[in-house]
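At position 286 of the sequence shown (counting the first as 1) the number is 400 in my numbering, and the numbers step up by one without a gap.
C-beta: ideal position from N, C-alpha, C; glycine also.
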Amino acid sequence: MQSSLNDMLETTWSFLPNLAAATAILIGGWIVARILAVVVRGGLSRTELDNRMAAWLDGVGEPFPVERVVSRGVFYLVMLFVLVAFFEALRLDLITEPLTALLTQLSEFAPRVLAAGGLLLVAWVVATALRKIVGTALAAAKIDSRLAESTLESGEPLPLSRTLADALYWLVFLLFLPAVLGALAIEGLLAPVQGLTDQLLGFIPNLLAAGLIFAVGWMVARLVQRIVSNLLAAAGADSFPERLGFDGMGAVKVSGLIGLVLYVLILVPVVISSLNALQLDAITAPASDMLAQILNAVPGLFAAALLMVIAFAVGKLVSTLLTSVLAGAGFDGLLARLGFAGVERPAGRSLSEISGSLALVFIMVFASVEAADMIGFAALSAILGGLIEFGGQVLLGLFVLATGLWLAELAATTVRESGLNQADTLATAARVSVIALAGAMALRQMGLGERIIELAFGLTLGAVAVAAALAFGLGSREVAGEFVRSWKDAKHD
């Protein structure tokens, strides 16, 4: 028992130096770790690295606490080495072996991390420089204000310069990403990222070609638009609609409208060429086909528009001439001659003016039919053709009705001047009969319910005939009775 106690005391006494050394290592290492953490944090605070990273990330979210994270990382890394030394001083191999293996792996991985960090630093320097250069160059070229002038909407200039600069900035990081992953030896991510980068690098020439084609085409389209608009404005084209009598243009000017049309016509094939330069058939083929169809329809649209303009000019001329001729021929007094002197004219317009407007409408409708055929709108052409046919029937029906009104007035006047008994009553009856007959003929000519009109007119005439027969029969009963009696007596004799 005494020997065992002596052995334990001897072992404890021999372990005390190791424990003292381990304790000294732990306390000293902790102090060193704290000092290094404070030094690192102070040094990083002077560089304002967190503010720089916040600006690097465009200020999205809260600023990242770089100093605190890095200083804590340094502290824990130093403490990890201190713990290994502490456990080795205590000769606790069971604990030190895993920690030593971890430190070995960290020491092997540290050069990779440093290499990746160096590559990221180079990428950041290059990306920042390129973003600054591109942004400054585009701002000097006033590309944002130029694009704002080309848009139809007013407002703030489009931030295209910043967008392109930011896109180039992140593109540089994307190009450096395979090298960073390779430095870290992360093969699982390296292969897909490398494939993506290769595809992107292969697509960049197509993208640059498409952008160059679109930029040149857009500049040419804008130049042509401005030249044509200014020339037409100087030539007085903006007053052309007023000379034609068309005052519905409002704030839209003819010169600006024609310039815009030319701008679109130039830009459409440019967009098609840009899409073809991308060589993305699955996406660009449908869009290119659609734009090609629009471009193929342009000649028909121009021809139809020109036809409508010519038709409007001719229609205005015909309308003016017809109004003057009818007014000179006394056409405005037609209603008075037909017995409708008290009828109020629509919108205070005379019959000659209404006739001129109708002539203009019919000319425009005829031109619309031809214009619809030119642009391939068969359904619209058929509808307008049916409208013209119906309009012709209505005009013919109105002519029949007007003729009937004239004949009715003529018949009524003739009966009044005949000197017969009940001349006014007979004149009214004659007038109503002729108007009814003319109305039925006019409605039939218009094609409005022919069977119903025939039936109604036949029933009306039949009712009048039956009423006349009954009136004659009931009023002449005694005369008819004497006639029948005399005929019977003569037969008996």
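| According to the Cβ coordinates, are LEU510 and VAL479 closer than 8 angstroms? | A distance of 8 angstroms or more separates the beta carbons of LEU510 and VAL479.
| request: Assign LEU291 to buried or exposed, taking buried as 16 or more other Cβ atoms, counted over all protein chains shown, within 10 Å of its Cβ. | output: Buried, because 16 or more other Cβ atoms sit within 10 Å of the Cβ of LEU291.
| task | Please determine, among THR437, ILE489, VAL412, the residue with the shortest C-alpha to C-alpha distance to SER464. | result | When each option's Cα is compared against that of SER464, the closest is THR437.
| task | Would you mind reading off the limits of the alpha helix (DSSP H) that contains PHE504? | result | PHE504 -> alpha helix (DSSP H) spans 492-530.
| Do you know how far the Cα of VAL432 is from the Cα of ALA552? | Each residue's Cα considered, the two are about 30 angstroms apart.
| field | Assigned secondary structure, LEU204 (DSSP; H/G/I helix, E/B strand, else coil) | value | Here LEU204 sits in coil by DSSP.
| request: Please report the residue range of the alpha helix (DSSP H) in which GLY370 lies. | output: From DSSP, the alpha helix (DSSP H) with GLY370 extends over 368-392.
| task | Please look up how many angstroms separate the CB atoms of LEU244 and VAL286, rounded, as I've assumed it's under 8 angstroms. | result | Between VAL286 and LEU244 the Cβ distance is about 6 angstroms, and since that is below 8 angstroms, they are a contact.
| So, are the CB atoms of ASN320 and LEU252 less than 8 angstroms apart? | The beta carbons of ASN320 and LEU252 sit no closer together than 8 angstroms.
| ALA351 versus PHE426 - alpha carbon distance | ALA351 and PHE426 have their C-alpha atoms some 17 angstroms from each other.
| Using 8 angstroms as the Cβ pair cut-off and three pairs as the minimum, do the stretch 333-349 and the stretch 365-384 touch? | The stretch 333-349 is in contact with the stretch 365-384.
| request: Determine the extent of the alpha helix (DSSP H) in which ILE468 is found, giving its start and end residues. | output: The continuous alpha helix (DSSP H) containing ILE468 extends over residues 465-488.
| When you compare only the Cα positions, how much space is there between THR277 and GLY490? | Each residue's alpha carbon lies about 43 angstroms from the other.
| message | Can you look up GLY429 in the DSSP assignment and give me helix, strand or coil? | response | In the displayed model, GLY429 falls within a helix according to three-state DSSP.
| said: Whether or not the stretch 396-407 and the stretch 469-487 are in contact is what I'm after, with contact meaning three or more pairs of Cβ atoms, one per stretch, closer than 8 angstroms; do they touch? | reply: Flag = no, the stretch 469-487 and the stretch 396-407 do not touch.
| Cutoff 6 angstroms; reference PHE504; Cβ partners in own chain excluding five residues on either side | None.
| query | Where does LYS256 fall in DSSP's three states? | reply | LYS256 falls in the coil class under three-state DSSP.
| said: Here's a check: name, in chain order, each residue in its chain whose Cβ is nearer than 7 angstroms to the Cβ of GLY175, leaving out the five neighbours to either side. | reply: A caution first: GLY175 carries a pLDDT of 46, below 50, which makes its placement in the model too unreliable to give a value.
| query | Are the CB atoms of ALA541 and ALA556 nearer to each other than 8 angstroms? | reply | The Cβ-Cβ distance between ALA541 and ALA556 does not fall below 8 angstroms.
| Do ARG155 and SER185 have their C-beta atoms closer together than 8 angstroms? | Closer than 8 angstroms, so yes.
| task | State yes or no: is the C-beta of ILE139 within less than 8 angstroms of the C-beta of ALA199? | result | Against a cut-off of 8 angstroms, the Cβ pair of ALA199 and ILE139 comes out as a contact.
| request: Could you tell me which of GLY231, TYR283, ALA492, ALA349 sits nearest to ALA297, measuring between CA atoms? | output: The shortest Cα separation from ALA297 among GLY231, TYR283, ALA492, ALA349 belongs to GLY231.
| said: With a threshold of 8 angstroms on Cβ separation, who are the neighbours of ILE318 within its own chain once the five nearest residues in sequence on each side are excluded? | reply: Taken in chain order, the list of residues that qualify is empty.
| query | So, are the CB atoms of ALA147 and VAL192 less than 8 angstroms apart? | reply | The answer is yes: Cβ separation under 8 angstroms.
| Is TRP238 closer than 8 angstroms to VAL196 when the C-beta atoms are compared? | If you check the CB distance, VAL196 and TRP238 do not come in under 8 angstroms.
| field | Straight-line gap, LYS256 to ALA349 (C-alpha atoms, nearest Å) | value | Cα to Cα, the separation comes out at about 31 angstroms.
| request: Reducing DSSP to helix, strand and coil, say where GLY296 ends up. | output: DSSP places GLY296 in helix when its eight states are reduced to three.
| query | How long is the line joining the alpha carbons of ILE408 and ALA229, rounded to whole angstroms? | reply | ILE408 and ALA229 have their C-alpha atoms spaced approximately 55 angstroms apart.
| request: Please say whether LEU346 and VAL382 have beta carbons closer to each other than 8 angstroms? | output: At least 8 angstroms separates the beta-carbon of VAL382 from that of LEU346.
| Assigned exposure category for GLY173 - 16 Cβ within 10 Å defines buried | Because GLY173 carries a pLDDT of 45, less than 50, the predicted location of this residue cannot be relied on, and the following value inherits that uncertainty. GLY173 sits exposed, since fewer than 16 C-beta atoms from the chains shown fall within 10 Å of its C-beta.
| task | Report the residue from GLU467, ALA136, PRO413, LEU326 whose alpha carbon sits nearest the alpha carbon of VAL385. | result | Nearest of GLU467, ALA136, PRO413, LEU326 to VAL385, Cα basis: LEU326.
| message | If I measure Cβ to Cβ from LEU304 and keep anything under 7 angstroms in the same chain, skipping five residues before and after, which residues do I get? | response | Around LEU304: PRO292, LEU295, GLY296.
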